[in-house]
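Asker: Once you've had a glance at the structure underneath, I'll fire off some questions.
Protein chains: 2
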Amino acid sequence: MDRVFLVGVGLTKIGRFFEKHAKDLFAEALWRAIDDAGGLKPRAIVVGNMTSSVLMGQDSLGALVADYAGLRGIPAFKVEAACGSGGAALYAAYALVKSGVVDVVAAGGVEKLTEANTEYVTRALAQAADADFEVFYGATFTGLNAMVARLYKSLFGYSDEDLSYWPLKMHEYASFNPYAQLPRKTTMKEILESPLIADPIRLYHAAPIGDGAAVVILVKGEDKAREVAKATGRDVLVELSSVAMATDSVDLASRNDLLTMESTVVATRDAMQRAGVEQRNIDYVELHDAFHVTGFVALEDLGFAPKGMGAKLFKEGKFQRGDKPEVNFSGGLKARGHPVGATGIYQAAEAAMQLRGDFPGYKASSPETALTHNIGGISTIAIVSVFKRVR
Amino acid sequence: MDRVFLVGVGLTKIGRFFEKHAKDLFAEALWRAIDDAGGLKPRAIVVGNMTSSVLMGQDSLGALVADYAGLRGIPAFKVEAACGSGGAALYAAYALVKSGVVDVVAAGGVEKLTEANTEYVTRALAQAADADFEVFYGATFTGLNAMVARLYKSLFGYSDEDLSYWPLKMHEYASFNPYAQLPRKTTMKEILESPLIADPIRLYHAAPIGDGAAVVILVKGEDKAREVAKATGRDVLVELSSVAMATDSVDLASRNDLLTMESTVVATRDAMQRAGVEQRNIDYVELHDAFHVTGFVALEDLGFAPKGMGAKLFKEGKFQRGDKPEVNFSGGLKARGHPVGATGIYQAAEAAMQLRGDFPGYKASSPETALTHNIGGISTIAIVSVFKRVR
Numbered sequence: 001m002d003r004v005f006l007v008g009v010g011l012t013k014i015g016r017f018f019e020k021h022a023k024d025l026f027a028e029a030l031w032r033a034i035d036d037a038g039g040l041k042p043r044a045i046v047v048g049n050m051t052s053s054v055l056m057g058q059d060s061l062g063a064l065v066a067d068y069a070g071l072r073g074i075p076a077f078k079v080e081a082a083c084g085s086g087g088a089a090l091y092a093a094y095a096l097v098k099s100g101v102v103d104v105v106a107a108g109g110v111e112k113l114t115e116a117n118t119e120y121v122t123r124a125l126a127q128a129a130d131a132d133f134e135v136f137y138g139a140t141f142t143g144l145n146a147m148v149a150r151l152y153k154s155l156f157g158y159s160d161e162d163l164s165y166w167p168l169k170m171h172e173y174a175s176f177n178p179y180a181q182l183p184r185k186t187t188m189k190e191i192l193e194s195p196l197i198a199d200p201i202r203l204y205h206a207a208p209i210g211d212g213a214a215v216v217i218l219v220k221g222e223d224k225a226r227e228v229a230k231a232t233g234r235d236v237l238v239e240l241s242s243v244a245m246a247t248d249s250v251d252l253a254s255r256n257d258l259l260t261m262e263s264t265v266v267a268t269r270d271a272m273q274r275a276g277v278e279q280r281n282i283d284y285v286e287l288h289d290a291f292h293v294t295g296f297v298a299l300e301d302l303g304f305a306p307k308g309m310g311a312k313l314f315k316e317g318k319f320q321r322g323d324k325p326e327v328n329f330s331g332g333l334k335a336r337g338h339p340v341g342a343t344g345i346y347q348a349a350e351a352a353m354q355l356r357g358d359f360p361g362y363k364a365s366s367p368e369t370a371l372t373h374n375i376g377g378i379s380t381i382a383i384v385s386v387f388k389r390v391r
Numbered sequence: 392m393d394r395v396f397l398v399g400v401g402l403t404k405i406g407r408f409f410e411k412h413a414k415d416l417f418a419e420a421l422w423r424a425i426d427d428a429g430g431l432k433p434r435a436i437v438v439g440n441m442t443s444s445v446l447m448g449q450d451s452l453g454a455l456v457a458d459y460a461g462l463r464g465i466p467a468f469k470v471e472a473a474c475g476s477g478g479a480a481l482y483a484a485y486a487l488v489k490s491g492v493v494d495v496v497a498a499g500g501v502e503k504l505t506e507a508n509t510e511y512v513t514r515a516l517a518q519a520a521d522a523d524f525e526v527f528y529g530a531t532f533t534g535l536n537a538m539v540a541r542l543y544k545s546l547f548g549y550s551d552e553d554l555s556y557w558p559l560k561m562h563e564y565a566s567f568n569p570y571a572q573l574p575r576k577t578t579m580k581e582i583l584e585s586p587l588i589a590d591p592i593r594l595y596h597a598a599p600i601g602d603g604a605a606v607v608i609l610v611k612g613e614d615k616a617r618e619v620a621k622a623t624g625r626d627v628l629v630e631l632s633s634v635a636m637a638t639d640s641v642d643l644a645s646r647n648d649l650l651t652m653e654s655t656v657v658a659t660r661d662a663m664q665r666a667g668v669e670q671r672n673i674d675y676v677e678l679h680d681a682f683h684v685t686g687f688v689a690l691e692d693l694g695f696a697p698k699g700m701g702a703k704l705f706k707e708g709k710f711q712r713g714d715k716p717e718v719n720f721s722g723g724l725k726a727r728g729h730p731v732g733a734t735g736i737y738q739a740a741e742a743a744m745q746l747r748g749d750f751p752g753y754k755a756s757s758p759e760t761a762l763t764h765n766i767g768g769i770s771t772i773a774i775v776s777v778f779k780r781v782r
């Protein structure tokens, strides 16, 4: 089968942009990606987004962002899979390129959350959960994750401080990332004294609400990728070796185990099999840490830590620079930020830049193989992708 | 490249189903499609839907319908392109199969519109238009189409009666269709005396609001398609030869010509080129007639009538049984119904059944090649597909 290469990345800083529409943000990211790909314009756009229908009253988002970015006419559609929308857009774009239906595709994501009041945003984000069996009874998305965090703590004997090493480290990483929403270090005291949102989750344990857009440009075949590399003066290619997706029930009550994200397990196995790699081959990881506990459970379900050991190993210094894999040097959802439908594409762009060696933040130790992990809901959907550096 | 075949279709009747959730409707259509494909279960689902986020408060729709239908775990995501969501789902599913990323994919669509009050539904459907430049100023989707109808009438000298031959005929066709929402004949008098919605569009000039779901199952390669045909005792295969997509501005004011749906023109050219056919090769068409005028403009932009002549030719009896192409024997959006995100898949299923010769309604004259045309907004997005009968 034909191989797919990632030849351009474009990111906006994540933040509160009252002066920018989602289409402004998307155009900014798209044209940065086009520049990064030596001027190569996509012939189709797949845009991941969760909340435009509810918060902006806008459907037809694909055509809207294509037109506004100056690319009126090309195939363009929106993919929705809650917080996994970006990953799902990458999955669809990968198939479009690999099939030969389109030869150059922009996989993007955009989210504009800060313009609505917090109550609306909380409600909009809760739509990742089951409307009839969870939200109807008052559940919020943080509330549901708090149940997971409680169980993780009690079952494996962790304190709030144990789990707080995650945000502590993520803030440190983000302090180097020019695109991060929270590019500043924090302290254990600040984390543990931050307001309680849903016991035991405190403000600093959760990803922030933010606006942002990200785009990666995919092409088919090594020849085309070499051509772009030459035009941009790069000596490495980034292959998108596989994108795998799996799902689970939306409502948590139907799960077999609250502390195992089964769709993450399945998608990881599938992605690795398709890419011909195993856990031991993965040098760098960007994983989906919407909350501290999500980061630990993800480490476990991706196969990098035994069940229940994620927080312990992380606290002991695993997954940091020099270890294998190195994890979330972007700062993660926690501190890089989580513009929901764009997050999966931020991860892909960050992984690609780490492989190319030009990530403008906290640098990985020259990774050859990277993996990204994006989920919607509490892994109601998981999209796992494997990227390889090709010389 | 590998060829894609459509091996199963499943439809629900379109109507008002207060007792059924969208996931019930989808499961019904999905399992009918699986039965129709001799029990072949899809390994991924792409679901087209426009309004679940707004009217049901539910995102993560892909995982939800997969789980509820008993297929928990498989890749599943939602595609949104307003009224073109079904066509866009077909486009993504086609690429997934053709690329080999998944070998058996269900392309589906579902919409549940009747549970919300009419004002909410009108607002939800207006989200196909530009939120900032159109809806903000009070435009409704019918209002925007009324401008098109006015211009079409005045520029080409048509009366309301001239345009009303469309719904008259569509109701006749639908009266034979067991899945149709409005399976009954009407009269010119009834049409012309129906309430005015947005001058000159009357109630009977517009597609109804309804609930429904549709699924088609796609597989890769002729061998697999032959295997299913054998298991189901069919002697013909249906090849999905091409699916093409194009977009336009969302807001109408940015268009070059209000009476040319440019994305339809472009997608038609592309779909025909990819399938190696021309207009003269097309025997059967299911096109997107959200309003009477949309049907006529579509006939023109698909290349089956000169500009401005669609209504005249239709009134004179063109596009009816025995002509080439035969058009909308399902009853079209007008009378079969228009469960928005499912419509593009209803069309694909109807085209396939006409090619197989087992459409349980008004039958085409043994077509060899069929085309479907699904749009979102006023052709803000267009998805055109070509299907071939293979013996």
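Protein chains in written order, with the numbering used here: chain A, 1 to 391; chain B, 392 to 782. C-beta: ideal position from N, C-alpha, C; glycine also. Just so you know, these numbers come straight off a predicted model, no measurement behind them.
Using CA coordinates, which residue listed in B/A739, B/A755, B/T771 and B/M744 is at the minimum distance from B/L762?
Answerer: Checking every option, the nearest Cα to that of B/L762 belongs to B/A739.
Asker: For a contact meaning CB atoms closer than 8 Å, what does B/K469 contact in chain A?
Answerer: Under the 8 Å cutoff, chain A gives V79, E80 and A81.
Asker: Out of curiosity, what's the CA-to-CA distance linking B/M663 and A/P195?
Answerer: Roughly 60 Å between the two C-alpha positions.
Asker: What span of residues does the beta strand (DSSP E) with A/H373 cover, start to end?
Answerer: Residues T369 to G376.
Asker: Once DSSP output is grouped into helix, strand and coil, what is the label at A/D211?
Answerer: Correct three-state label for A/D211: strand.
Asker: To the nearest whole angstrom, what separates the beta carbons of B/L402 and B/Y737, a pair I think is in contact under 8 Å?
Answerer: Indeed they touch by this definition, with Cβ atoms about 6 Å apart.
Asker: Cα separation between B/F695 and B/Q670?
Answerer: Between B/F695 and B/Q670, the C-alpha separation is close to 7 Å.
Asker: What residues are listed by DSSP as bridge partners for A/K98?
Answerer: BP columns for A/K98 are empty, so no partner.
Asker: In chain order, what residues of the same chain lie with their CB nearer than 7 Å to the CB of B/T513, ignoring the 5 residues before and after it?
Answerer: Closer than 7 Å at Cβ, skipping near neighbours: T531.
Asker: So if DSSP puts B/M636 in a beta bridge, which residue, or which two residues, is it bridged to?
Answerer: Note: B/M636 sits in a beta bridge opposite B/I774.
Asker: Would you say A/I74 faces chain B, with C-beta separation under 9 Å as the test?
Answerer: Chain B, which has a Cβ nearer than 9 Å to the Cβ of A/I74, makes this yes.
Asker: Can you give the Cα-Cα distance for A/V65 and A/M309, rounded to whole angstroms?
Answerer: Spanning the two alpha carbons is a distance of roughly 43 Å.
Asker: Compile a chain-ordered list of the residues in the region 47-64 of chain A whose CB is closer than 9 Å to at least one CB of chain B.
Answerer: Hits within the stretch, in order: N49, M50, T51, S52, S53, V54, M56, G57, Q58, D59, S60, L61, G62, A63 and L64.
Asker: So which residues of chain A does B/T659 contact, with C-beta pairs closer than 9 Å?
Answerer: Near B/T659 there are no residues of chain A at all, since even the closest Cβ is about 13 Å away, more than 9 Å.
Asker: Could you check whether the Cβ of B/M636 sits closer than 9 Å to any Cβ belonging to chain A?
Answerer: Chain A contact via Cβ: present.
Asker: With DSSP as the reference, label B/F468 as helix, strand or coil.
Answerer: DSSP places B/F468 in strand when its eight states are reduced to three.
Asker: Just reading off the alpha helix (DSSP H) that A/G10 is part of, what are its end residues?
Answerer: Careful: A/G10 lies outside any alpha helix (DSSP H), inside the beta strand (DSSP E) at V4 to L11.
Asker: Looking at chain A, which residues of the region 617-641 of chain B have a Cβ within less than 7 Å of any of its Cβ atoms?
Answerer: If the cut-off is 7 Å between Cβ atoms, the region 617-641 of chain B has M636, A637, T638, D639, S640 and V641 near chain A.
Asker: DSSP on A/E111, reduced to helix/strand/coil?
Answerer: Strand.
Asker: Can you find the residues in the same chain that come closer than 7 Å, C-beta to C-beta, to A/A267, ignoring five residues on each side of it along the sequence?
Answerer: The answer, listed in chain order, is A244, M245, A246, A382, I383 and V384.
Asker: How about A/L96: is its C-beta nearer than 9 Å to some C-beta of chain B?
Answerer: So yes, A/L96 belongs to the interface.
Asker: Alpha carbon to alpha carbon, how far is A/D301 from B/G728? Give it in angstroms, no decimals.
Answerer: Approximately 45 Å between the Cα atoms of the pair.
Asker: For A/Y173, is the beta carbon positioned less than 8 Å from some heavy atom of the ligand ZN?
Answerer: You won't find the ligand ZN in this model; it holds no ligand whatsoever.
Asker: With a threshold of 9 Å between beta carbons, is A/Y91 in contact with chain B?
Answerer: Chain B contact via Cβ: present.
Asker: Using only alpha-carbon positions, find the residue among B/L643, B/R780 and B/F468 that is nearest to B/A537.
Answerer: Here the closest residue by C-alpha is B/L643.
Asker: Chain B beta carbons: is any one of them nearer than 9 Å to that of A/E262?
Answerer: So, interface residue.
Asker: Check this for me: beta carbons of A/A88 and B/G439, under 9 Å apart or not?
Answerer: No, the pair does not count as a contact, with Cβ atoms beyond the cut-off.
Asker: I need the straight-line Cα distance from B/Y570 to B/T505, nearest angstrom please.
Answerer: Rounded to the nearest angstrom, the two C-alpha atoms are 17 Å apart.
Asker: Work out the CA separation of A/K388 and A/K224 for me, nearest whole Å.
Answerer: Rounded to whole angstroms, A/K224 to A/K388 spans 16 Å at the Cα level.
Asker: Might you give, ordered along the chain, the residues of its own chain that have their beta carbon closer than 8 Å to the beta carbon of B/K706, omitting 5 neighbours on each side?
Answerer: D553 and Y556, listed in sequence order.
Asker: In chain B, which residues lie with their C-beta within 9 Å of the C-beta of A/I375?
Answerer: Those within 9 Å of A/I375 in chain B number zero; the least Cβ separation is about 11 Å.
Asker: Check whether the Cβ atoms of A/E134 and A/L125 sit closer than 9 Å, and answer yes or no.
Answerer: Not a contact, by the Cβ cut-off of 9 Å.
Asker: At the level of alpha carbons, what is the spacing between B/L628 and B/M561?
Answerer: One C-alpha to the other measures close to 28 Å.
Asker: Which residue's Cα is closest to the Cα of A/G377: A/G341, A/G361, A/S365 and A/Y362?
Answerer: That would be A/G341, whose Cα lies nearest to the Cα of A/G377.
Asker: Looking at the C-beta of B/G491, does it have a partner C-beta in chain A at a distance below 9 Å?
Answerer: Cβ-Cβ to chain A under 9 Å: yes for B/G491.
Asker: Please list the segments of the beta strand (DSSP E) lying wholly inside the region 164-246 of chain A, counting only runs of 3 or more residues, in order along the chain.
Answerer: As far as the region 164-246 of chain A is concerned, its whole beta strand (DSSP E) runs of at least 3 residues are 196-198 and 212-220.
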